[in-house]
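Using my numbering, you'd call the opening residue of the sequence shown number 206 and step up by one each time. Don't be surprised by glycine CBs; every beta carbon is placed ideally from N, CA and C. Let me begin by presenting the structure, written as structure tokens, before commenting on it.
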Amino acid sequence: MLNLEVDIKNATESTAEIVGEALLENIVVVIKDQKNLTPEDQVRFCKMIGEVENYHEHEGIKHFTKPIAVHENILRVTGEKDEDGKEGLFGHVSELDWHANQTSNKNRWPLIWLYAVKGSEGSVTSWLNMAKVWEDLPEHMKETAKTKQIWCGYEKGRVSESEYFFDHVGEKPFDIYHKNDAGVEGLYFPFLQIFNEEYDPFFDELKEFCLDPFYQYHHHWKDGDIVISEQWLSLHKRHEFAKMENRLLHRIAFDYRNIL
Ligand SMILES: [Fe+2]
206 MLNLEVDIKN ATESTAEIVG EALLENIVVV IKDQKNLTPE DQVRFCKMIG EVENYHEHEG
266 IKHFTKPIAV HENILRVTGE KDEDGKEGLF GHVSELDWHA NQTSNKNRWP LIWLYAVKGS
326 EGSVTSWLNM AKVWEDLPEH MKETAKTKQI WCGYEKGRVS ESEYFFDHVG EKPFDIYHKN
386 DAGVEGLYFP FLQIFNEEYD PFFDELKEFC LDPFYQYHHH WKDGDIVISE QWLSLHKRHE
446 FAKMENRLLH RIAFDYRNIL
């Protein structure tokens with residue numbers, strides 16, 4: 206995790222490039238004290254780094270994006286009800302266990318932006334850095350990891366009780382060894398979202414290694430905080446939080462094509 210002091214509202218393209226490059230190198234970047242960012246401020250910054258996911262273009266998921274999209278590029282993560290009585294994305298109080306964004310999707314967005322708008326104090330999200338894990342992984346485990354593939358998907362109850370996602374397994378497997386575009390090596394290993402047909406004891410061994418607290422960063426949210434994370438080489442977990450109805454995060458999915 207890297208803490209950066211940046212003024213997002215007034216950031217220039219060269220600042221965005223610095224943030225994007227730091228993110229690919231460090232996997233998780235934290236920017237604090239960004240009060241009163243509008244949706245437009247947030248999207249403007251992300252668009253300097255890359256293409257941004259657009260929720261008005263996704264016909265297939267329109268039925269669930271209405272209550273959770275607050276802008277064509279922003280989802281609201283909250284238990285707060287909208288005018289129709291609907292919660293945002295992941296509004297439940299209980300833990301949201303280790304996961305990454307859209308694990309089964311080959312064209313998954315590689316970056317996720319989270320901005321604490323209100324009510325975040327007291328809530329905690331943890332990130333697991335799979336590049337750091339890789340650095341310490343014994344050579345024989347690295348060699349084995351390079352031969353392994355996983356089928357990823359979603360099943361209600363594994364990482365969350367959310368009703369937003371269909372239970373599914375993706376169409377193609379992924380290598381668990383991953384090198385990102387900055388040349389950082391690591392593991393794509395969302396261990397709670399693996400649906401391989403055959404049990405593999407290596408995955409248990411690897412999971413145990415990954416869960417060493419040394420590889421975790423715990424973010425204690427304050428309003429105005431931004432956490433951006435690279436989704437191939439990190440997992441994250443939201444801890445149980447009783448006041449989800451008061452907490453509002455804005456979430457943007459994007460890539461880094463403009464800084465390559
Ligand atoms: Fe998440």
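Endpoints, beta strand (DSSP E) assigned at residue i
i      : result
Ala350 : That residue, Ala350, is in no beta strand (DSSP E); its alpha helix (DSSP H) goes Glu344 to Ala350.
Leu440 : Ser439 to Arg443
Asp302 : Leu301 to His304
Gln421 : Gln421 to His425
Val248 : Careful: Val248 lies outside any beta strand (DSSP E), inside the alpha helix (DSSP H) at Pro244 to Ile254.
His455 : Leu453 to Phe459
Tyr382 : Tyr382 to Lys384
Leu149 : Lying before the first or after the last residue shown, residue 149 is absent from the chain, which here runs from 206 to 465.
Buried/exposed call for residue i, threshold 16 Cβ in 10 Å
i      : result
Asn231 : buried
Thr243 : exposed
Leu465 : exposed
Arg443 : buried
Lys337 : buried
Val447 : Reading off the sequence, residue 447 comes out as Ala, not Val. Exposed: under 16 other Cβ atoms inside 10 Å.
His261 : exposed
Pro315 : buried
Phe459 : buried
Phe295 : buried
Asn334 : buried
His424 : buried
Residue i versus residue j: straight-line alpha-carbon distance, rounded
i      : j      : result
Arg249 : Arg281 : 17 angstroms
Glu361 : Leu397 : Looking at the sequence shown, residue 361 is not Glu but Lys. Approximately 11 angstroms between the Cα atoms of the pair.
His297 : His304 : 16 angstroms
Phe370 : Met449 : 19 angstroms
Lys267 : Ile273 : In this prediction, Lys267 has a pLDDT of 49, which is less than 50 and means its spatial position is unreliable; nothing more can be read from the coordinates.
Asn259 : His345 : 42 angstroms
Pro395 : Arg313 : 14 angstroms
Pro378 : Ile457 : 26 angstroms
Ile213 : Glu410 : 41 angstroms
Leu228 : Val211 : 13 angstroms
Ile279 : His455 : 6 angstroms
Gln436 : Asn306 : 7 angstroms
Lys347 : Ile399 : 19 angstroms
Gly251 : Glu277 : With the sequence shown as reference, residue 251 is identified as Cys, and Gly is not the correct amino acid for it. If I take the Cα positions, the gap works out to 13 angstroms.
Leu199 : Val329 : Nothing in the structure corresponds to residue 199, since the chain is present only between 206 and 465.
Pro406 : Ser309 : 22 angstroms
Inter-residue CB distance, residue i and residue j (contact presumed, cutoff 8 angstroms)
i      : j      : result
Gly429 : Lys237 : 7 angstroms
Asp302 : Ser365 : 7 angstroms
Trp332 : His441 : 5 angstroms
Asp380 : Gln354 : 6 angstroms
Asn463 : Gly255 : 5 angstroms
Val235 : Asn215 : With 8 angstroms as the limit, Val235 and Asn215 do not qualify as a contact, their Cβ atoms being about 19 angstroms apart.
Asp372 : Tyr359 : 6 angstroms
Leu438 : Asn385 : 6 angstroms
Trp481 : Ser325 : The chain is shown only over 206 to 465; residue 481 falls outside these bounds and no answer can be derived.
First through last residue of the alpha helix (DSSP H) which encompasses residue i
i      : result
Lys157 : Only positions 206 to 465 of the chain appear in this structure, which leaves residue 157 out of reach.
Thr220 : Glu218 to Asn231
Leu411 : Pro406 to Cys415
Any non-hydrogen atom of ligand 3 within 8 angstroms of residue i CB
i      : result
His261 : The ligand content of the structure shown is limited to ligand 1, which means ligand 3 is not among them.
Checklist entry - Do the segment 313-325 and the segment 420-435 touch if we need at least three Cβ pairs shorter than 8 angstroms? => result yes
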